[in-house]
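Residue 38 in the UniProt record's numbering is what sits at position 38 of the sequence shown, and the numbering runs on without skipping anything.
Reading through the structure tokens given below for one structure.
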Amino acid sequence: MYGYQRSFSLSFNVVDKLTEDAYTMMDQQDNKTRCIRKMLLDFVNANGIILDYNTIPQNERLKKFYGIIDPEKVANAPQPDKREKDGHKYRFQFNLYATDRLANETLVMLNLHNNKALLIRELFLDFVKANGIIKNYASIPENERLERFFAYVVRDVVPVPQYGWAVKTLKDKNIEVLQCYDGTHYLTSKITYKAPDGKQVCITI
């Protein structure tokens with residue numbers, strides 16, 4: 001399953017402040033292909049495989065996937081059009097390689113969407129709306145990217161004797177996921193939810 005590649009594209013019309021910022025961010029990347037590839041991998045790493053991303057309302061996406069508490073007050077909220085009606089078009093082609101589990105899951109998510117170009121465009125615009133213009137995204141360490149841009153706290157790897165090693169523990173608000181790995185396969189995931197009243201619910205998959 002690993003080792004193959006697919007070609008994708010990121011495209012949008014620069015017609016308002018948000019799409020102009022997205023264009024500016026892409027222009028500030030040393031390696032545009034690496035930026036988009038890392039962003040997609042980080043999204044799936046933090047959130048798993050999401051179905052029908054494009055049908056989820058944008059405010060809900062910003063809250064759920066980027067940790068934005070009040071989407072209406074983010075710095076990159078939409079502003080009135082400041083360009084001609086059609087604006088100017090931005091289009092960028094890139095390849096994604098299924099070289100490991102995470103890359104394969106990212107390709108699975110892309111393949112589950114009928115309109116892959118729309119998914120990539122909406123995800124990139126959501127990222128810029130939530131985080132602003134980030135220069136040389138791919139050069140930022142992975143853990144910092146996950147914490148800073150996707151509202152996750154990535155803890156250090158810890159030993160789990162009965163299963164091997166826990167590759168990482170991700171914490172998003174009141175939900176904590178501990179994934180156990182034996183060096184070849186994921187063996188189990190333990191999900192812990194802490195309710196506002198202090199009670200905890202644990203689920204093992």
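Cβ coordinates follow ideal geometry from the N, Cα and C atoms, glycine included.
Q.
Along the chain, where does the beta strand (DSSP E) containing residue 204 start, and where does it finish?
A. Locating residue 204 in the sequence shown gives position 204, counting from the first residue. Per DSSP, residue 204 is one residue of the beta strand (DSSP E) stretching across 200-204.
Q.
Please classify residue 35 as buried or exposed, where buried requires at least 16 other C-beta atoms within 10 Å of its C-beta.
A. Position 35 of the sequence shown, counted from the first residue, corresponds to residue 35. With 16 or more Cβ atoms within 10 Å of its Cβ, residue 35 is classed as buried.
Q) Just how far apart, CA to CA, sit residue 276 and residue 122? A) The structure shown has nothing for residue 276, since the chain only spans 1 to 205.
Q. Where do the N-terminal and C-terminal ends of the beta strand (DSSP E) with residue 10 fall, by residue?
A. Mapped onto the sequence shown, residue 10 falls at position 10. Here the beta strand (DSSP E) through residue 10 covers 5-14.
Q) Skipping 5 residues on each side, what residues in its chain have a beta carbon closer than 7 Å to that of residue 130? A) Here residue 130 refers to the residue found at position 130 of the sequence shown. Same-chain partners within the cutoff: 62, 66, 68 and 74.
Q | Contact under 8 Å by Cβ, residue 39 with residue 127 | A | As a first step, residue 39 must be located in the sequence shown, where it is residue number 39. As a first step, residue 127 must be located in the sequence shown, where it is residue number 127. Going by beta carbons, residue 39 and residue 127 fall inside the 8 Å limit.
Q.
Rounded to the nearest angstrom, what separates residue 14 and residue 90 at their Cα positions?
A. Residue numbering aside, residue 14 sits at position 14 when the sequence shown is read from its first letter. Residue numbering aside, residue 90 sits at position 90 when the sequence shown is read from its first letter. Taking the straight line from one Cα to the other gives about 7 Å.
Q: Tell me whether residue 99 sits in a helix, a strand or coil according to DSSP, three-state version.
A: By one-based count along the sequence shown, residue 99 stands at place 99. It is coil, neither helix nor strand.
Q.
Please return the same chain residues whose Cβ sits closer than 8 Å to the Cβ of residue 103, not counting the five positions on each side in sequence.
A. On the sequence shown, position 103 is the one that residue 103 refers to. Excluding sequence neighbours, residue 103 sits near 2, 41, 96 and 97.
**Q.** Range of the contiguous alpha helix (DSSP H) that encloses residue 135
**A.** In the sequence shown, counting from the first residue as 1, residue 135 sits at position 135. Premise fails: residue 135 is in no alpha helix (DSSP H) and is neither H nor E.
Q: Identify the continuous alpha helix (DSSP H) that holds residue 195 and give its terminal residues.
A: Locating residue 195 in the sequence shown gives position 195, where the first residue counts as 1. Premise fails: residue 195 is in no alpha helix (DSSP H) and is neither H nor E.
Q. Alpha carbon to alpha carbon, how far is residue 30 from residue 135?
A. Within the sequence shown, the letter at position 30 stands for residue 30. Within the sequence shown, the letter at position 135 stands for residue 135. Going from the Cα of residue 30 to the Cα of residue 135 covers about 8 Å.
Q | Candidates 51, 52 and 70, of which the one nearest residue 59 by Cα | A | Translated into positions along the sequence shown, residue 59 becomes position 59. The residue with the shortest Cα to Cα distance from residue 59 is 70.
Q: Take residue 44 and list the residues in its own chain whose beta-carbon comes closer than 7 Å to its own, dropping the five residues that flank it on each side.
A: Walking along the sequence shown from the start, residue 44 turns up at place 44. Only 102, 105, 106 and 109 meet the Cβ criterion.
**Q.** Whole-angstrom C-beta distance between residue 118 and residue 54, which should lie under 8 Å
**A.** Here the question's residue 54 lines up with position 54 in the sequence shown. Here the question's residue 118 lines up with position 118 in the sequence shown. Correct: roughly 5 Å between the Cβ atoms.
Q) Considering residue 36, what are the terminal residues of the alpha helix (DSSP H) in which it resides? A) Residue mapping note: residue 36 aligns to position 36 of the sequence shown, counting from 1. It spans 32-47 - the alpha helix (DSSP H) in which residue 36 sits, taken as one unbroken run.
**Q.** C-alpha gap between residue 192 and residue 200, whole angstroms
**A.** The residue you call residue 192 lines up with position 192 of the sequence shown. The residue you call residue 200 lines up with position 200 of the sequence shown. In a straight line, the C-alpha of residue 192 is about 7 Å away from that of residue 200.
Q) Under 8 Å between the Cβ atoms of residue 16 and residue 133? A) To locate residue 16, count along the sequence shown from 1; it is residue 16. To locate residue 133, count along the sequence shown from 1; it is residue 133. No; because the gap between Cβ atoms is not below 8 Å, this pair is not in contact.
**Q.** Inter-residue Cα distance where the pair is residue 100 and residue 56
**A.** On the sequence shown, position 100 is the one that residue 100 refers to. On the sequence shown, position 56 is the one that residue 56 refers to. Roughly 28 Å separates the two Cα atoms.
Q: Report the rounded CA-to-CA distance for residue 138 versus residue 198, giving the unit in angstroms.
A: The residue given as residue 138 occupies position 138 in the sequence shown. The residue given as residue 198 occupies position 198 in the sequence shown. When rounded, the distance between both Cα atoms is 38 Å.
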